[in-house]
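Q:
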Amino acid sequence: MEARIRSFGMCTPERQVLSETDFVLFGASELVMEGLRSDLLDGAVLACDGAGTVVVADPPWSRGSGADVRLVRTTPYPA
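Under numbering that gives the first Met the number 0, think of the first position of the sequence shown as 0, with each following residue one higher.
(1) One question on the structure: do Val53 and Ser64 come within less than 8 Å of each other, judged by their Cβ atoms?
(2) When DSSP builds the beta bridges, which residues end up paired with Val53?
(3) Answer yes or no: do Met32 and Arg62 have a C-beta to C-beta separation smaller than 8 Å?
(4) How many angstroms separate the CA atom of Ala50 from the CA atom of Val44?
(5) For Cys10 and Leu39, what's the separation of their Cα atoms in angstroms?
Spelled out as structure tokens, the structure:
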């Protein structure tokens, strides 16, 4: 968890949410991103640490906000 915090700000207000990097070929966020890229999906509802639930239609947002989510619950930061 500490590596994720240092790497991209997970669970902090500095969380990076844009990404087009495929870390694996079969992950949920990679599948959603590809569905959006290929117009198979119009949008997706995802959990994102620091934001709560987000509705995304842009592939980099879906990948970045859905990446490395290993959370029991998430809530938005007041900022």
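By construction, the Cβ of each residue, glycine as well, lies at the ideal position given by its N, Cα and C atoms. Please read these numbers as outputs of a predicted model, since none were measured by experiment.
A: On the basis of the coordinates in this document:
(1) yes
(2) Leu45
(3) yes
(4) 12 Å
(5) 30 Å
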